[in-house]
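So the sequence shown is numbered by the numbering used here: it starts at 363 and just counts up by one.
C-beta: ideal position from N, C-alpha, C; glycine also.
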Amino acid sequence: MARFTVIAFVSAVMAVLLGCAASQTVHVVGDSVGWTVPQGGATVYSNWANGKTFAVGDILTFNFQTNEHDVLQVQKTSFDACTSTDAIGDAVTTGPTNITLASAGVHYYICTIGRHCQFGQKLDITVSSGAPGATPPTTSPTTPPPTTPSPTSPSPTSGEVPCAPTPSPSSTKEPTGSTPTGPTTSTTPPTPGSSASNVLASASVSMLALTMGLLF
Numbered sequence: 363m364a365r366f367t368v369i370a371f372v373s374a375v376m377a378v379l380l381g382c383a384a385s386q387t388v389h390v391v392g393d394s395v396g397w398t399v400p401q402g403g404a405t406v407y408s409n410w411a412n413g414k415t416f417a418v419g420d421i422l423t424f425n426f427q428t429n430e431h432d433v434l435q436v437q438k439t440s441f442d443a444c445t446s447t448d449a450i451g452d453a454v455t456t457g458p459t460n461i462t463l464a465s466a467g468v469h470y471y472i473c474t475i476g477r478h479c480q481f482g483q484k485l486d487i488t489v490s491s492g493a494p495g496a497t498p499p500t501t502s503p504t505t506p507p508p509t510t511p512s513p514t515s516p517s518p519t520s521g522e523v524p525c526a527p528t529p530s531p532s533s534t535k536e537p538t539g540s541t542p543t544g545p546t547t548s549t550t551p552p553t554p555g556s557s558a559s560n561v562l563a564s565a566s567v568s569m570l571a572l573t574m575g576l577l578f
């Protein structure tokens with residue numbers, strides 16, 4: 363259990379570090395020129411900064427030789443006059459060095475050694491508060507789900523005969539009194555009585571006698 367906890371903690375830390383690294387952009391000031399006295403003056407660094415997006419969390423890399431140059435962040439008045447009177451923090455004298463952009467706004471950097479700033483070793487950039495290249499998420503319209511019509515009972519037409527209700531079965535008791543309460547029907551044919559059998563036998567004999575008389 364302890365081993366699993368340590369692995370989960372290390373994984374979480376790595377995920378945070380990777381996320382931070384993915385959100386940061388490292389800008390090498392001047393690219394191959396580095397941080398030096400430019401041959402073309404201050405426009406070299408102005409042209410380098412144009413077209414680039416700087417955001418809070420990004421890193422500026424100043425490539426220079428130690429004791430030959432330094433980097434100092436200053437206010438705009440000191441940037442324009444190439445002085446260190448309105449410095450923000452201390453000058454960095456060991457190169458190369460990385461400076462993380464910690465706030466939004468316009469940042470000004472100069473080199474305070476000799477007349478390097480007057481010869482164009484100065485940089486101003488505009489830093490945004492959002493992540494570089496971030497775009498607001500787009501929302502797609504949501505299509506409502508189709509509605510299913512509820513089944514309706516078909517109404518009877520003139521050609522259809524509605525079913526008659528099925529009567530509930532009820533028990534019928536035979537009358538116990540001498541006088542019946544109403545006519546009753548029976549599905550069993552009556553059994554002929556003895557008088558009917560005698561009449562039938564007599565008729566049969568008579569017909570047999572008549573037939574014998576006619577023949578003879």
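Coarse secondary structure for Q401, derived from DSSP in three states
For the purposes of this step, residue 401 is taken as residue 39 along the sequence shown, with counting starting at 1. Correct three-state label for Q401: coil.
Quick check on the DSSP output: what are the complete alpha helix (DSSP H) runs of length 4 or more inside the region 432 to 456, in order along the chain?
438 to 443
Assess, as a yes-or-no matter, whether the region 387 to 395 is touched by the region 439 to 446 under the definition of 3 or more beta carbon pairs within less than 8 Å.
no
Where do the ends of the beta strand (DSSP E) carrying D420 lie?
Here residue 420 refers to the residue found at position 58 of the sequence shown. Element bounds for D420: n/a, residue is neither H nor E.
Once DSSP output is grouped into helix, strand and coil, what is the label at S408?
Stepping through the sequence shown from its first residue, residue 408 is reached at position 46. Helix.
Distance check for L422 and P458, CA to CA, integer angstroms please.
If you number the sequence shown from 1, residue 458 lands on position 96. If you number the sequence shown from 1, residue 422 lands on position 60. Answer to the nearest angstrom: the Cα atoms are 11 Å apart.
Classification of V468 by the beta-carbon crowding that lies within 10 angstroms, buried from 16 upward
Translated into the one-based positions of the sequence shown, residue 468 becomes position 106. It is exposed - the Cβ of V468 has fewer than 16 other Cβ atoms within 10 Å.
Does DSSP put V391 in a helix, in a strand, or in coil?
The count along the sequence shown starts at 1 and reaches residue 391 at position 29. Coil at V391, not helix or strand.
Bridge partners for G335 per DSSP, in chain order?
There is no way to answer for residue 335, as the model of the chain reaches only from 363 to 578.
First and last residue of the beta strand (DSSP E) that includes N429?
As a position in the sequence shown, residue 429 is number 67, starting the count at 1. Where N429 is concerned, there is no enclosing beta strand (DSSP E), given that its DSSP letter is neither H nor E.
Counting C-beta neighbours from all protein chains within 10 Å, is the total for D442 16 or more, i.e. buried, or is it exposed?
On the sequence shown, residue 442 is found 80 positions in, with the first residue counted as 1. Exposed, since its Cβ has fewer than 16 Cβ neighbours within 10 Å.
Does the pairing of the region 408 to 416 with the region 425 to 435 give three or more beta-carbon distances under 8 Å?
no
Determine the contact status of P400 and G476, defining contact as a CB-CB distance below 7 Å.
In the sequence shown, residue 400 corresponds to position 38, counting from 1. In the sequence shown, residue 476 corresponds to position 114, counting from 1. No, the pair does not count as a contact, with Cβ atoms beyond the cut-off.
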